[in-house]
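Residue numbers (this note's numbering): 257 to 824.
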């Protein structure tokens, strides 16, 4: 058997662990890796070094090898894989493009190129590579799943559903295909079918925590006693994986919460979060320092000197803030207006900040390094940044409406950047009671990891401080929606929103729950129902265990919704 490097999972799709069984995906992966077995003895030795995770050594050895064999497609492909593992993705993409110039039929290299392009938010280019693969092997499940994942980024939910239906039908014993189908159905509001798909995934693999969490995260689904017993039985096993254990704990916490067993619910959430926290590297000072850097740079004089710079297009509406604050509700209200299209949580502003920071796309860009090059840019450079964001967003705009929404909460850290490059864009900050917001994040599973309660509180304080600064130096630039006010008087708050946007009131905005569109955020079920106030005070059931959160929030919680003096 020839040694090999594992073919990457499709972005957002099938994991390596999920493909381990003798199913169609595993067979397709094996065929892909066996297509071009490494035959050169020296290259085999280098491959062994790679498989030992000695990537720097392998990189040096490959450079020497390619100096003697510059057109060896297998060596170029291997070097690209090593570059990707070293997070040198730009170099990896260039190497794979060169590899395919030499060997256009090298399917594994093309598949990996599509994967990396998707990671870099180059969705159109990634789709082109996948379509080339499908033209050669139209039934390959890996290629079809990757296409579905890319199309999901682009908002083509109908095509995504069609592909996922086919893959689940062809692989009825594969839990991951049913979960993926459930997600596609849920995004389109087909709740009953989505629940059935998740239940089928549990039938395929009873320890599948992701399937249970997908049900729990629908909010409108309630687990019964049989579900609780089943989850508890799985948690008592010693052979389940860490990911399944964590998602089962979140799911069991939701079951206890729905039944009013709040202490038991908190225990499950707390244990799951503790396990997730170990997986991430996080320094709370990064955002605190970033807030200070924003305050130092964005002075009234700095802003005034750049008045009128940037791209003048008025198309974007940025909805930002903290997750679980009601931003999906505001998005759905505005998407019900005839002049506004909702797209998604677009990655382009944060990716731009990361690029200026010298980081990879997808990495947190809450720090201040990118502000240094930003400060030195002239009007033309800032206009080019704005035009780039608009150009990339155009892929997601399907309705030919004059305005579109980018609903990415993390954009709050980049209000200054948005203002400079898109001075006529609208910015809406959706804010919810700090304890309610932070608790909702703590109790919601995220594959990216979770912060501790005290860290969530400090993060929220920094967010409030940053937004307060921009309220001071750019008065009226940001429109704030207080979630509790919106729930209490939706018409008044909706009219204020539309006045800020310069648009006439339309009654359809108050019937937002009737608006049909794909929604991929955790609030998809709630915003398909009329507004209710159930979530406003729900956090108080857990107040006895939220001391670290309350202490870290401090004055922000005491003065909400006003901004405390110590953060002005």
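Idealized CB from N, CA, C, for every residue including glycine.
Whole angstroms are fine: how far does the CA of residue j sit from the CA of residue i?
i	j	result
residue 642	residue 607	13 Å
residue 459	residue 437	15 Å
residue 821	residue 420	52 Å
residue 547	residue 695	23 Å
residue 378	residue 384	10 Å
residue 504	residue 442	20 Å
residue 356	residue 484	51 Å
residue 756	residue 764	18 Å
residue 702	residue 590	26 Å
residue 638	residue 471	44 Å
residue 277	residue 455	Bear in mind that a pLDDT of 46 at residue 277, under 50, signals an unreliable position, so the model cannot answer this.
residue 834	residue 536	Past the boundaries of the shown model lies residue 834; the chain is included only from 257 to 824, so the question cannot be answered.
residue 771	residue 596	12 Å
residue 737	residue 753	8 Å
residue 660	residue 681	10 Å
residue 691	residue 488	29 Å
residue 663	residue 336	34 Å
residue 809	residue 670	22 Å
residue 303	residue 340	15 Å
residue 655	residue 758	20 Å
residue 467	residue 525	17 Å
residue 295	residue 342	25 Å
residue 713	residue 683	24 Å
residue 600	residue 333	33 Å
residue 502	residue 633	45 Å
residue 804	residue 791	21 Å
residue 508	residue 579	22 Å
Can you tell which of the options has its C-alpha closest to the C-alpha of residue i?
i	options	result
residue 392	361, 405, 348, 365	361
residue 568	468, 443, 645, 805	645
residue 299	314, 435, 289	314
residue 555	712, 289, 731	731
residue 733	675, 704, 790	675
residue 553	624, 588, 389, 804	624
residue 284	359, 402, 309	402
residue 531	789, 497, 515, 810	497
residue 308	376, 338, 282, 281	338
residue 545	717, 581, 612, 529	717
residue 215	512, 368, 517, 327	Look at the range of the chain in this structure, 257 to 824, and you will see that residue 215 is not part of it.
residue 704	427, 529, 686, 582	529
residue 707	534, 766, 658	534
residue 741	688, 700, 699, 418	688
Tell me where the alpha helix (DSSP H) around residue i begins and ends.
i	result
residue 660	That residue, residue 660, is in no alpha helix (DSSP H); its beta strand (DSSP E) goes 659-662.
residue 580	Run containing residue 580: none; DSSP gives neither H nor E here.
residue 406	397-410
residue 282	280-290
residue 347	345-358
residue 629	627-631
residue 795	Where residue 795 is concerned, there is no enclosing alpha helix (DSSP H), given that its DSSP letter is neither H nor E.
residue 787	Premise fails: residue 787 is in no alpha helix (DSSP H) and is neither H nor E.
residue 379	379-392
residue 369	363-375
residue 440	431-443
residue 762	Where residue 762 is concerned, there is no enclosing alpha helix (DSSP H), given that its DSSP letter is neither H nor E.
residue 645	635-649
residue 815	811-815
residue 342	From DSSP, residue 342 is part of no alpha helix (DSSP H); its letter is neither H nor E.
residue 448	447-460
residue 414	413-426
residue 605	604-613
Starting from residue i, trace the beta strand (DSSP E) both ways and give me its first and last residue.
i	result
residue 597	596-600
Should residue i be listed as close to the ligand ZN, given that the test is whether its C-beta is under 7 Å from any heavy atom?
i	result
residue 813	This structure simply doesn't include the ligand ZN, nor any ligand for that matter.
Q) Do the stretch 641-651 and the stretch 710-728 make contact, defined as three or more Cβ pairs closer than 8 Å? A) no
Q: Take every Cβ of the stretch 555-563, pair it with every Cβ of the stretch 536-543, and state whether three or more of those distances are shorter than 8 Å.
A: no
Q: Please specify which runs of the alpha helix (DSSP H), each continuous and at least 4 residues long, are wholly inside the stretch 296-337, giving them in chain order.
A: 297-307, 311-324
Q | 4-residue-minimum alpha helix (DSSP H) runs that sit fully inside the stretch 719-758, ordered along the chain | A | 739-744, 746-757
Q | Inter-stretch contact (C-beta, 8 Å, three-pair minimum) for the stretch 627-635 and the stretch 567-586 | A | no
Q) Three or more beta-carbon pairs under 8 Å between the stretch 687-704 and the stretch 747-755, yes or no? A) no
Q: Count the C-beta pairs between the stretch 345-359 and the stretch 309-323 that are closer than 8 Å, then say yes if the count reaches three, no if not.
A: no
Q. Mind pulling the beta strand (DSSP E) runs of 3 or more residues that sit fully within the stretch 523-580?
A. 572-577
**Q.** Contact between the stretch 421-431 and the stretch 447-466 (3+ Cβ pairs under 8 Å)
**A.** yes
Q.
Please give the ranges of any beta strand (DSSP E) in the stretch 651-711, keeping only runs that are unbroken, at least 3 residues long and fully inside the region.
A. 659-662, 682-687
(Q) List, from N- to C-terminal side, the alpha helix (DSSP H) runs of 4 residues or more that fit wholly inside the stretch 469-510. (A) 481-491
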